[in-house]
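Numbering (the numbering used here), first residue to last: 52 to 305.
Below is one structure, written out as structure tokens; the observations come after it.
This is the structure we're talking about:
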């Protein structure tokens, strides 16, 4: 369940403004057979009025599983594994690399072992997010590397990705200052980076590191695109030493 706020608008006039915002609730259900998402939006206004927008609610029946094997299309990339998982949650290490991973494979494939000729695992990193307080006291620290397997093919066709995720190199959070460290890993945007005849599956692995405590709260993210041909591309990545409280100062960790 995801809740978003959208479109802050003045529903009044410049002389008598009335602020308003759309609240959108997205409810997704996914399992072995299919994934479905229903959305409901309501506009809330500062004068106390509201307006219900597009809203899918009620009881929905999922399609029943077919006895026929799924049709496999090597040119269409689908995601397997986990959409997201906690690597660290409430200062506790939750990562289990046996099950905490994602992949980009042909549509219709349910297990990465249906493909052959896997290579790797490859490793890229290490990355670090470090928060420091006064006198350079460590408030929270997280270090990790991206890992993935690549090159799997379907009867000689395509190159795909599996077991994409992270490995933890180091982590800590200061109990003295009541710091709480959470690290969430998401798999986003499964894409065919090749052609219809020579598909190359790829997926974005995004790491979100949040530090919260009595001093302040902050989050940094880092995204790596991994591809079935062994290539990878680093996207937006906040990996630094962040000194708090203000005045702010940032020093790159080499």
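Heads up, the beta-carbon is just placed ideally off N, CA and C, and yes, glycines get one too.
Rounded to the nearest angstrom, the gap between the Cα atoms of residue 166 and residue 202 is 9 angstroms. Approximately 17 angstroms separates the beta-carbon atoms of residue 232 and residue 257; this is outside 8 angstroms, ruling out the contact. Distance check between residue 138 and each of 80, 218, 89, 276 places 218 closest, using alpha-carbon atoms only. Take the alpha-carbon of residue 246 and the one of residue 126: they are about 7 angstroms apart. Going by beta carbons, residue 176 and residue 199 fall outside the 8 angstroms limit. One alpha carbon belongs to residue 130, the other to residue 178, and they sit about 25 angstroms apart. About 4 angstroms separates the beta carbons of residue 252 and residue 211, which is inside the 8 angstroms limit, making them a contact pair. In the structure shown, the three-state DSSP call for residue 183 is strand. Within the segment 119-178, complete beta strand (DSSP E) segments of at least 3 residues are found at 124-132, 135-140, 153-158, given in chain order. Per DSSP, residue 194 is one residue of the beta strand (DSSP E) stretching across 189-205.
Looking from the CA of residue 196, the closest CA among 96, 285, 66 belongs to 285.
Burial is judged here by how many other beta carbons sit within 10 angstroms of a residue's own beta carbon; residue 243 has at least 16 and is buried. For residue 254, the enclosing beta strand (DSSP E) begins and ends at 252-263. Using a Cβ distance threshold of 8 angstroms, residue 156 and residue 215 do not count as a contacting pair.
When the Cα atoms are used, residue 143 and residue 222 turn out to be separated by approximately 10 angstroms.
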